[in-house]
């Protein structure tokens, strides 16, 4: 205990570590755990995606002379820690998906690059990630928002919005309005959904209000999950983007995944011993109800949490769900996977009762054993 106390005291007196230092410490800790579990492990599986580039961005301050947008905006001056610093008039614009009429009107003029930079300059910041030079969301003129992502490896979120607009327009998702790419920054235009999130109000809701949200969300997800994976279509994104796993860091499947068994092998690549893997599977089979042995692949949001659910006040002191946001991890996945992903932030020391009000169609009562099986596998590869 004394040793631990001295260690904590020494940490308390040490200077605050930089982003780059914290990033390296976190990466090293992950690698050490992997080697401790398996000294012959392939460490490349445990390195963060785009490690060198991310580290370089954290270490190197951007010179103000390279900042193309310097005028004051509705959200203040564009600072170094802002993804808009990468938008330069000299960079070509690639139209990945056609722009809607409303976006075209915003960018009307003799020079599209200048019009785009002007639009981004005056746009209001709605949200920014912990690394704002990687991802931010802005509200443009009118009823349009733009999500800016640096070095996006695919366009899953946008292709999902296109897919839902055609196949399931009843799901309250933003409507796609075009996608541009400038200097490796993807600009995803979509319709604006009011930004009062469930996270903003959840702690102030009573039990009846939380039950109401739970029932509404159950209806929305049941509608979404009625989209089953077409025969022969690979799991994951609807345009062949593949599957994503964010258990330790973001990983993408390389080969097409056509079965749930292949999906599990992708999730847990270090579990190479087939005997142990089969033993774990057999251990759980008696606890799974017969009707759940044949798992289907259904459309999955992939990042269901209060921050990604928008609401508005309605009559009788209730709140109505108005939208589901952030579809970048969506696609066709095993039907139990929504529960696993929606509890990604759940931990032994957590006190958020959101997890006790998950929709019935993805509840632990329905998929509890699959959740435990995934948890057991996950602990073996951490």
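Numbering (full-length UniProt numbering), first residue to last: 1 to 382.
For each residue, glycine too, the CB sits at the ideal point set by N, CA and C.
DSSP three-state assignment for residue i, whether helix, strand or coil
i, result
"residue 175", "coil"
"residue 327", "coil"
"residue 236", "strand"
"residue 225", "helix"
"residue 181", "strand"
"residue 66", "Confidence in residue 66 is poor, its pLDDT being 34 and thus under 50, which makes the residue's placement unreliable; the coordinate value appears in the next sentence. Helix, per DSSP."
"residue 297", "strand"
"residue 137", "strand"
"residue 332", "strand"
"residue 29", "helix"
"residue 193", "coil"
"residue 147", "strand"
"residue 321", "strand"
"residue 341", "helix"
"residue 186", "strand"
"residue 201", "helix"
"residue 244", "strand"
"residue 17", "coil"
"residue 125", "strand"
"residue 392", "Because the chain here runs from 1 to 382, residue 392 falls outside it and cannot be looked at."
"residue 81", "coil"
"residue 257", "coil"
"residue 212", "helix"
"residue 131", "coil"
Cβ-based neighbour list, residue i, same chain, cut-off 8 Å, excluding 5 preceding and 5 following
i, result
"residue 363", "339"
"residue 17", "25"
"residue 395", "Here the chain comprises residues numbered 1 to 382, so residue 395 is not present and cannot be evaluated."
"residue 108", "115"
"residue 240", "234 and 256"
"residue 263", "235, 243, 257, 333 and 334"
"residue 167", "227"
For residue i, the nearest candidate out of the options (CA to CA)
i, options, result
"residue 226", "164, 175, 265 and 262", "164"
"residue 151", "141, 365, 136 and 142", "136"
"residue 81", "132, 127 and 249", "132"
"residue 173", "158, 36, 181 and 179", "158"
"residue 279", "184, 154, 376 and 348", "376"
"residue 147", "153, 139 and 154", "139"
"residue 383", "32, 86, 202 and 91", "Nothing about residue 383 can be read from this structure; the chain reaches only from 1 to 382."
"residue 142", "169, 106, 296 and 116", "106"
"residue 266", "275, 223, 95 and 236", "236"
"residue 126", "193, 85, 92 and 161", "193"
"residue 308", "318, 296, 330 and 295", "330"
Contact test: residue i Cβ vs the ligand GDP heavy atom, cutoff 7 Å
i, result
"residue 127", "Within the structure as shown, the ligand GDP is missing, as the structure has no ligands at all."
Where the alpha helix (DSSP H) through residue i begins and ends
i, result
"residue 260", "260-267"
"residue 114", "112-122"
"residue 103", "101-106"
"residue 152", "No alpha helix (DSSP H) holds residue 152; DSSP gives it neither H nor E."
Extent of the continuous beta strand (DSSP E) run through residue i
i, result
"residue 159", "Per DSSP, residue 159 belongs to no beta strand (DSSP E); it is in the alpha helix (DSSP H), 156-167."
"residue 312", "309-313"
"residue 362", "That residue, residue 362, is in no beta strand (DSSP E); it is neither H nor E in DSSP."
"residue 93", "93-97"
Proximal residues to residue i (C-beta, below 6 Å), its chain only, five neighbours per side dropped
i, result
"residue 149", "135 and 186"
"residue 184", "151"
"residue 328", "156 and 157"
"residue 162", "176"
Same chain, Cβ closer than 7 Å to residue i, five either side skipped, listed in chain order
i, result
"residue 314", "320"
"residue 71", "Confidence at residue 71 is low in this model, with a pLDDT of 35, below 50, so the placement of that residue should be treated as unreliable; the coordinate-derived value is given next. Cβ neighbours of residue 71 beyond the five flanking positions: 121."
"residue 128", "136"
"residue 345", "305"
Interface flag, residue i vs chain C, CB-CB below 8 Å
i, result
"residue 311", "Absent from the structure: chain C. Only one protein chain is present."
When you compare the stretch 354-369 with the stretch 214-222, are there three or more beta-carbon pairs, one atom per stretch, that lie closer than 8 Å?
yes
The stretch 248-263 touching the stretch 187-204, judged by at least three CB pairs closer than 8 Å:
no
At least three beta-carbon pairs within less than 8 Å, the stretch 101-113 to the stretch 122-136
no
Mind the definition here: the stretch 298-315 touches the stretch 325-338 only if three or more C-beta pairs lie below 8 Å; say whether that holds.
yes
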